[in-house]
Every structure is written in structure tokens, then in C-alpha cells.
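The numbering of the sequence shown is numbering that gives the first Met the number 0, which starts it at 0 and goes up by one.
Some notes on the structure that comes next.
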Amino acid sequence: MTSATSTTSTSVTSDRDWWRQAVVYQIYPRSFADANGDGIGDLRGIIDHAGHLVRLGVDAVWLSPFYPSALADGGYDVDDYRAVAPELGTLDDFDELVSVLHGAGIRLIVDIVPNHTSNRHAWFREALASPPGSAARNRYVIRRGTGPDGAEPPTDWRSFFGGPAWEPIGDGDWYLHLFAPEQPDLNWALDEVREDFLTTLRFWSDRGVDGFRIDVAHLLVKDASVIGGAAADLPTQERIQAGFPDGQHPFEGRDEVHEIYRTWRALFDEYDPPRMAVAEAWVAAHRRVAFARPEGLGQAFNFDLLLTPWDAAAFTKVITENLALSAEAGASSTWVFSNHDMVRHVTRYAVPNGTDLVAWLRAGGHDPEPDLERGLRRARAATLLALALPGSTYVYQGEELGLPEVTDLPADVLQDPTFVRTEGAEKGRDGCRVPLPWTETGESFGFGPGTASHLPQPEWFGAYAVERELNEPASTLHFYIDALAARRSLQGAEELSWRTSTADVVAFERPGGWVSVTNFGEHPVPMPEGRVVIASRAVDALELPAETTVWLQTTGA
Ligand code: NOJ
Ligand code: CA
């Protein structure tokens, strides 16, 4: 452990509401830090770099999957939900990580992937080894194919990663995989499946895990007709794309899914403090409420800011809507700009609003050439705005360094299944998963002691290294450290009142006279009244520059 950790004497408390306004730092473990030099980030790497998290001042870590996996989908293809991938460490390492983080006052949230197992999971192996109609097959969404001998797929459904959503087993049965073929969908109609996940949630809760991020929480329950009905009654892909009334889609956002989360909540509430959970649910905004209710998972991601262009009115609308929805749910809101699935926000803001990012990435990320200076300026302003909002902010590893997306990874190193399954139409998500630079030089920029990193780092990575940014007072890393510290001291009740402002300016006030003002425009505006606490870039007393956020203390200033 580094000295920053050992000098900290805090530890986690039994506050049951700790998550409501937490800053949660997402770690994609295979790309965070590699302790043993095999090119793959590991749990020991996180333990060794806990000082970074302490210095940053985050309240919690969300750990993306660290379970045994063949990495058909970056670990979201889980072989065993109650084990640690051997290349990442052991359960003892995991326990040590929990205690190191807890000793530093940082909570731990782990990722649960309940919609699908991997095809190497014991259940799926058993299903393949068992005959059609067997109990083992029934744990998955498996049905007979159509046509003679079931040689044709049950439907023409497409997977979210491209290509067909059904895979033949070879004996007339086909299994559903809404994602990669290595990710067979579980049959959540079965009590055995439900019980097994309760066991998993208990397993990690008993080890001291503070919360869970629930992968594609909206997909678990399929309409009964998908599992057992006549193929002719199933909608076509075209019909699916046309959309369904709320709750009537054959597998997305069905109301019955909340019965599952009620049982999870009952389990979470047996712990002190209750375990928190946050749903990843790609449903319409008003349908997120049910996931976020206290009798459900308790919180749901909104990815709206992540999908919002750099525009004052658009930001205001998203914030207003999400504060209302989270209040309706009795939850706090979540704010996210980057994660392991999305183009990093520095890069998104570096290209003109409305750019088709998929096409832009496919073409190598140079047409148009990103204006990374502007991207970083906007990213810092957006982040500072979000950090002033009531609710939790989720920060993705590397964004505290202002790290841009790596847009030009060569095809032969890409790991994301979307690249192959869309036949190259989508380059995929590897560009935000490149291992972090810790040192300015060195063959893997300090990612590990070896030369390797499982995705190649570009030459320019050293300029964003933690070590380098720590030595530069104006760096993005120092900006995040200062912003998180200021937020901690200013944070109060989950209330916000809007301040009137001009068209390009978003201004609001939090309890205690904490005011956040963002100038989305291209020209400076007069600096509002108050004492400047922090700004997303250098400001003087008179003007708030273009594309800048400032926090002001307006009472007792
Ligand atoms: C959402 C995860 O964030 C993503 O990385 C994964 O590919 C899919 N769910 C499937 O598990
Ligand atoms: Ca390693």
C-alpha cells in the first residue's frame, strides 16, 4: 500500500445512505494496474494503487467483472460468479482489497451479470451435455428450431452485438444470446436460477461488498412465449424494432423483472448497512423509476448526460427530468459521462455535436480531426457541473487524467466482440479500455513491471500519466482532486434551485450558497457574484471564459 493510504485513519461507517451522493470510481480491472507484469491488470494492482483512489478522494469503487472468464466480452461472460479469475488473483486478494479500501473509507461495489452466463459456466456445459427437454437445458432460453429437424432459428432476432441472437446446439435446439454467442441467456422463470443469484449476492455481501452494479438489469425476464410458446407467435425482428407499449416487449423492461429485484432488496436489507444496488437498465427514462425505488434496486443509471450534446438547454432538460424522476423513485440521481462501453467524453466533446461516433471511429477517428484541447476544456466543465448536482457521480478510470479515447487501435488487436460480429461496422469499445498510464516513460507507462499491456498503449499516453500530472498543478488530475475535495466540504441536502441565466449559461444553487455556473458558449460572460471555489480552467475575477464551469460560494463570501 502507498503512503497516502497508510496515513488515512478513516474507515467505512454504517451510514445507510452513503451512496446517495457518492463519487464512485469505476475500475475495469484488466486495464487498471498490473502487479505481476503479465500485461493484464489484477487485484494486487488495485491494492498497490489504492493510494491513487485515496488521493483522488472517491467514496466508492465499482469493480467491473473480475470473475473467471474467457473474455469473449471483456469479462461480462462469467464462468463462475463466486470466484476470482486466476489471472486477476485469488479470493484472499479480494478480501485484502475489501479491507484496504474499507480501511481507507472507500466502499466497494461489484458487477453482477445476471442476464447471461458464459458458455463455459458449469450450467451451460451441463445443458450442452444433456438432451433436449432436460432440466439442464431449461436453465437457459432454449427452444426448438423451425423448419425440418429444427434446422432454422426460432426467430430472426439479432443480437445487440450484431449477428443472429440464436445459436444452434446441433440437435434441433437453439439457445438465445442477446449478446455474444458465448453469453447464453438464463431462464429467469426458474426458481433455481433465482435462488442461485441470491446465493451469489449473499456470497459477496458476506465478504463485505457494499453494493452491486446490475448488468442489463432490464433484460432478465422474457415473455413466457419466448421460452415455451409456438414459434409462430413470436414477433419478428422488424416488429421488435417498431417498439412495444411499456412492459410488453418480449424481453426488454418487462414489469415482472421487479419481482426479482424485490427479493434482492429483501436480501440487501438484511445487512447493516443495507447493500446498495444500481441498475444498468436501458429503458425509457420514466421506466427507470421502478428500478430505482427503495423496494427495488434503489438506484438506476441515467446515461442521458453521456448521450447529450454540448448544449446548455439540452443539459438543463436532462438534469431537470432526472431530478424529478429520482425524486419520484425516492432514489438519488446518477451522473455519468464515461464508462467502459462509451467513447471517452474528452473525445466526444472534441468533435462537432451530431458527429456519428460509430462511423467516425470506424474511419480511424481523424475525419474530422478531434480538437482535443476543446474536448478536454468541455469535459472538465461538464464534470465540474455534474459534481455540483445532487446525487451520485460515476467516474470512469482515466477520466481523472483527461485521457482521450484511443481511436486508432489496429484491427488485429481489437478484443471487443462487436467488431467481428458487425463485420467491422462497429470498431467497438477497446479504445476506452486501454491500460492506464501511471508513469511518463517505461514500456507500459507503469501499467505493470513488464513490457506488455493487453491492449497497446499509444506513444502519447505518457503525457497523461498519473506521475506526470501529479507534478503539474494545472493538470486534470489535480483538478479532479480539488473538485472532489471541494464537493465534500460543500455537499448538503439533495436540493437544487435554478438561477436565471442567459441562453448559453447553466446556473444553479445548492444549499449553503454553493453556486455552479457553466458557460457553454464560445464567448466569455461576466463572472457572477461570489467567491470562486474552483473552476474548470483558469479564471479571473471579471470573466467566466467560454466552455468553463465555476463554483462560487455566495454566502459568507
Ligand atoms: C453491459 C456492459 O456494460 C457491457 O460491457 C456488456 O457488454 C453488456 N452489458 C453485456 O453484458
Ligand atoms: Ca497481471
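C-beta atoms are modelled at their ideal positions from N, C-alpha and C, and glycine is treated no differently.
Could you tell me the distance, in whole angstroms, from the CA atom of residue i to the CA atom of residue j?
i: G38; j: T450; result: 7 Å
i: S496; j: F519; result: 19 Å
i: E372; j: W173; result: 50 Å
i: F300; j: V412; result: 31 Å
i: R420; j: A84; result: 25 Å
i: P544; j: T235; result: 52 Å
i: T547; j: P308; result: 15 Å
i: G511; j: E181; result: 52 Å
i: T1; j: L55; result: A caution first: T1 carries a pLDDT of 39, below 50, which makes its placement in the model unreliable, though a value can still be read off. Roughly 13 Å separates the two Cα atoms.
i: P457; j: S443; result: 10 Å
i: D184; j: T116; result: 7 Å
i: S337; j: E166; result: 32 Å
i: F302; j: F250; result: 21 Å
i: P163; j: R119; result: 20 Å
i: A556; j: S332; result: Residue confidence is low: A556 scores 48 on pLDDT, short of 50, so the model does not pin down where it sits. Its coordinate-derived value is still stated next. Rounded to the nearest angstrom, the two C-alpha atoms are 29 Å apart.
i: T4; j: D76; result: In this prediction, T4 scores a pLDDT of 39, lower than 50, which makes its location untrustworthy; the coordinate-derived value is nonetheless stated afterwards. So the alpha carbons of these two residues sit roughly 33 Å apart.
i: T382; j: G441; result: 30 Å
i: S500; j: A506; result: 6 Å
i: Y260; j: E327; result: 18 Å
i: K221; j: A188; result: 8 Å
i: R347; j: Q240; result: 27 Å
i: Y139; j: A230; result: 17 Å
i: I213; j: D271; result: 20 Å
i: L304; j: G390; result: 14 Å
i: G210; j: G295; result: 13 Å
i: E494; j: D170; result: 59 Å
i: D16; j: T553; result: 28 Å
i: A462; j: S204; result: 39 Å
i: E542; j: S13; result: 44 Å
i: G639; j: S30; result: The first residue shown for the chain is 0 and the last is 556, placing residue 639 beyond what the model contains.
i: G144; j: A71; result: 25 Å
i: D366; j: W359; result: 7 Å
i: V538; j: G491; result: 26 Å
i: T7; j: Y66; result: Here the model assigns T7 a pLDDT of 39, short of 50, so the residue's position is not dependable, and the following value carries that caveat. Roughly 30 Å between the two C-alpha positions.
i: H614; j: L62; result: Within the shown structure, residues of the chain are numbered from 0 to 556, placing residue 614 beyond reach of any answer.
i: R238; j: D232; result: 12 Å
Looking at the secondary structure, which residues open and close the beta strand (DSSP E) in which residue i lies?
i: T167; result: The question names Thr, yet the displayed sequence has Pro at residue 167. Counting along the chain, the beta strand (DSSP E) containing P167 begins and ends at 165–167.
i: Q182; result: That residue, Q182, is in no beta strand (DSSP E); it is neither H nor E in DSSP.
i: T548; result: 547–552
i: R238; result: Where R238 is concerned, there is no enclosing beta strand (DSSP E), although the alpha helix (DSSP H) it sits in stretches over 236–241.
i: L107; result: 106–111
i: R467; result: No beta strand (DSSP E) contains R467, which is instead part of the alpha helix (DSSP H) from 465–469.
i: R530; result: 530–534
i: R361; result: Per DSSP, R361 belongs to no beta strand (DSSP E); it is in the alpha helix (DSSP H), 356–361.
i: T154; result: Neither: T154 is in no beta strand (DSSP E) and is coded neither H nor E.
i: A506; result: 504–509
i: F211; result: 210–213
i: P299; result: One detail in the question is off: residue 299 reads as Ala in this sequence, not Pro. Counting along the chain, the beta strand (DSSP E) containing A299 begins and ends at 297–299.
i: V350; result: No beta strand (DSSP E) contains V350, which DSSP labels as neither H nor E.
Kindly give me the distance between the Cβ atoms of residue i and residue j, rounded to whole angstroms, as I take these residues to be in contact under 8 Å.
i: Y24; j: V60; result: 5 Å
i: D41; j: G88; result: 5 Å
i: L197; j: L266; result: 6 Å
i: E258; j: V215; result: Not a contact, Cβ separation roughly 17 Å.
i: I141; j: L96; result: No, I141 and L96 are not in contact; Cβ-Cβ is about 37 Å, not under 8 Å.
i: A276; j: V504; result: In fact, because the Cβ distance is near 36 Å, the residues do not count as touching under 8 Å.
i: F178; j: F202; result: Contact flag wrong, Cβ pair sits at about 24 Å.
What residue does the alpha helix (DSSP H) around residue i start on, and which one ends it?
i: L562; result: Summary: the structure shown does not reach residue 562, with the chain confined to residues 0 through 556, and so no result is reported for it.
i: A128; result: 121–128
i: E439; result: No alpha helix (DSSP H) holds E439; DSSP gives it neither H nor E.
i: W203; result: 190–205
i: S488; result: 475–489
i: F418; result: 416–420
i: S224; result: 223–226
i: T319; result: 311–328
i: T346; result: 344–347
i: V433; result: Premise fails: V433 is in no alpha helix (DSSP H) and is neither H nor E.
Just checking residue i against ligand 4 - is the residue's beta carbon closer than 8 Å to any of the ligand's heavy atoms?
i: E95; result: With respect to ligand 4, the structure shown offers nothing to examine, as its ligands consist of ligand 1 and ligand 2.
Quiz item: Counting pairs of beta carbons, one from the region 506–519 and one from the region 424–433, are three or more of them closer than 8 Å?
Solution: In short, these stretches do not touch, since the Cβ pair count stays below three.
Exercise. Pair every Cβ in the region 99–108 with every Cβ in the region 154–168, then say whether three or more of these pairs are closer than 8 Å.
Key: The region 99–108 is not in contact with the region 154–168.
Quiz item: Taking only runs of the alpha helix (DSSP H) that begin and end inside the region 47–91, which ones reach a length of at least 4 residues, in chain order?
Solution: Counting only runs of at least 4 residues, the region 47–91 fully encloses the following alpha helix (DSSP H) elements, listed from N- to C-terminal order: 49–55.
Quiz item: Does the region 391–401 come close enough to the region 112–130 that 3 or more CB-CB pairs lie under 8 Å?
Solution: Output reads no: the region 391–401 does not touch the region 112–130.
Quiz prompt | Stretch-stretch touch, CB-based, cutoff 8 Å, three pairs: the region 399–414 with the region 368–382 | solution = The region 399–414, when compared against the region 368–382, does touch it at the 8 Å Cβ threshold.
Quiz item: At what residue ranges does the region 252–289 contain a whole run of the beta strand (DSSP E), taking only runs of 3 or more?
Solution: As for any beta strand (DSSP E) of minimum length 3 sitting wholly inside the region 252–289, the runs are 275–278, ordered along the chain.
Quiz item: Are there three or more Cβ pairs, one per stretch, closer than 8 Å when the region 283–301 is compared with the region 248–262?
Solution: Output reads yes: the region 248–262 touches the region 283–301.
Exercise. Output the residue ranges of the beta strand (DSSP E) runs that lie fully inside the region 21–51 and measure 3 residues or longer, sorted by chain position.
Key: For the beta strand (DSSP E) assignment, the uninterrupted runs of no fewer than 3 residues enclosed by the region 21–51 are, from N- to C-terminal side, 22–26.
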